Amino acid sequence: MRTTPLRSLAALLASLPMVAAAAQDFPAKPITFIVPFTAGSATDQLGRAIGQGVAEQTGQSVVIENKPGASAMIGAQTAARAAPDGYTVLITTNTTHAANEHLYKSLPYDPVKDFSPVTLLGKGGQFMVVNPSSEAKSVSDFLALARKSPGKLSFGSGSSSSRIAGELLQQMADVKLLHVPYKSNPLAITDLLGGQIDMMITDSATGLPQVEAGKLRGLGFTGSERSPLAPNLPTIAEAGVPGYEMGYWFGAYVPAGTPQAVVTKLNDLLIKATQRQAAQHFYKSTGTTPATSTPQELAQFQRNESQKWGDIIKKAGIQPE
């Protein structure tokens, strides 16, 4: 039997109360947060803190599912293919939604078409760190060593933010380093602690505790101003690379097609979660700036960030793989 436009409209109108009821009852079961980085990463720590806040509000548990690998593309692809019902949320960074599209010729997901933005979750800077046994006591020292042995000193990275920070440093300081990629920053830090790599630029959540414990030496901060958590550590710009600045951000997304009412409910739950104790502890202990948004604001922010990261990647001379 042929379906007329009138019947289609009637079916749509009949379904609206069910969609509204589903949103009102949301969440009626546990929610899964997909984190495209390993356990212990900054994104993982934030995801767990936000998840705790959501669970406290709803009485429903939040399951953290770590899906690292391929510059976070595995986790992003998994989330993109999930049912668009609000029960799968991608807790991610600019790696998947602003940088990867400029770093790779093809992606297994579309950062715009495959997702609906929920809210921004925070912004932060990174620290340039070395093993305490390194001869480098400052950014200038490290660059001098790199110039003496072009291509010999290595830097590790476990995210696009970390990688591009290192690539930009090479370009702006006119040095040549050997890039060693990892699935996540904690894995790179493990090798830095073991002396397998010479340097990395990592987020404060994973790097600063090692510096404070004396296991790593901090050389510089990527922000435009010194970090309040390490006020005695200079910015990389003031330490010898004028104009250098790099940051990163966290955001939450759901699969495209998720009902708008559910997205709105998630936006409210996640923003309130950022104000609770677990998330506030993460922000304060890592120097991450709390930042939230409407879905529409995150969509516009993402567009702006994609343009910015594309420009940075070009400036760093990185060719898409």
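FYI, in mature numbering (1 follows the signal peptide of the UniProt record, and there is no 0) the residues of the sequence shown are -22 to -1, 1 to 299. Virtual Cβ for every residue (Gly too), placed ideally from N, Cα, C. The structure displayed is predicted, hence computed values, not measured ones.
Quick check on DSSP: helix, strand or coil for residue i?
{"i": "S162", "result": "coil"}
{"i": "A17", "result": "coil"}
{"i": "K193", "result": "coil"}
{"i": "V11", "result": "Residue identity check: residue 11 is Phe in the sequence provided, not Val. It is a strand residue."}
{"i": "F199", "result": "strand"}
{"i": "G25", "result": "helix"}
{"i": "T180", "result": "strand"}
{"i": "M(-22)", "result": "Residue confidence is low: M(-22) scores 44 on pLDDT, short of 50, so the model does not pin down where it sits. Its coordinate-derived value is still stated next. DSSP places M(-22) in coil when its eight states are reduced to three."}
{"i": "T264", "result": "helix"}
{"i": "Q188", "result": "helix"}
{"i": "residue 357", "result": "Any property of residue 357 remains undetermined from this structure, which presents the chain solely from -22 to 299."}
{"i": "T36", "result": "helix"}
{"i": "D88", "result": "coil"}
{"i": "T74", "result": "helix"}
{"i": "D3", "result": "helix"}
{"i": "residue 308", "result": "Because the chain in this structure spans residues -22 to 299, residue 308 falls outside the shown range and cannot be described."}
{"i": "A48", "result": "coil"}
{"i": "residue 358", "result": "Residue numbering for the chain in the displayed model covers -22 to 299; residue 358 lies beyond these limits and cannot be assessed."}
{"i": "A208", "result": "coil"}
{"i": "Q297", "result": "coil"}
{"i": "A256", "result": "helix"}
Any beta carbon of chain B sitting closer than 7 Å to that of residue i?
{"i": "E283", "result": "No chain B is part of this structure, which consists of one protein chain only."}
For the alpha helix (DSSP H) containing residue i, name the first residue and the last one.
{"i": "D152", "result": "Premise fails: D152 is in no alpha helix (DSSP H) and is neither H nor E."}
{"i": "D246", "result": "Q238 to T252"}
{"i": "H80", "result": "N78 to L81"}
{"i": "T56", "result": "M51 to A58"}
State the beta-bridge partners of residue i as determined by DSSP.
{"i": "residue 323", "result": "A question about residue 323 goes unanswered here, because the residues of the chain that appear run from -22 up to 299."}
{"i": "L98", "result": "G229"}
{"i": "T168", "result": "DSSP lists no partner for T168."}
{"i": "T213", "result": "F199"}
{"i": "G103", "result": "G225"}
Would you give the residue range spanned by the beta strand (DSSP E) that residue i belongs to?
{"i": "I42", "result": "V40 to N44"}
{"i": "T71", "result": "T66 to T71"}
{"i": "D289", "result": "Per DSSP, D289 belongs to no beta strand (DSSP E); it is in the alpha helix (DSSP H), P273 to K293."}
Subject >> Complete runs of the alpha helix (DSSP H) confined to the region 105 to 146 [at least 4 residues] >> reply: 117 to 126
Original post:
Can you find at least 3 beta carbon pairs, one from the region 172 to 191 and one from the region 265 to 281, that sit closer than 8 Å?
Top reply: yes
Original post:
Between the region 112 to 124 and the region 239 to 259, are three or more C-beta pairs nearer than 8 Å?
Top reply: no
Original post:
Are the region 163 to 178 and the region 89 to 97 in contact at 8 Å, needing three or more beta carbon pairs?
Top reply: no
Original post:
Does the pairing of the region 51 to 63 with the region 223 to 241 give three or more beta-carbon distances under 8 Å?
Top reply: yes
**OP:** Check whether the region 28 to 41 touches the region 203 to 218, taking contact to mean three or more Cβ pairs, one atom from each stretch, closer than 8 Å.
**Re:** no
Original post:
Is the number of C-beta pairs between the region 86 to 93 and the region 161 to 169 that are closer than 8 Å three or more?
Top reply: no
Original post:
Do three or more CB pairs link the region 267 to 282 to the region 126 to 134 at distances below 8 Å?
Top reply: no
Subject >> Stretch pair the region 35 to 42 + the region 7 to 23: three plus CB contacts closer than 8 Å >> reply: yes
Original post:
Contact between the region 132 to 146 and the region 58 to 74: three or more CB pairs below 8 Å?
Top reply: yes
**OP:** Count the C-beta pairs between the region 112 to 121 and the region 209 to 221 that are closer than 8 Å, then say yes if the count reaches three, no if not.
**Re:** yes
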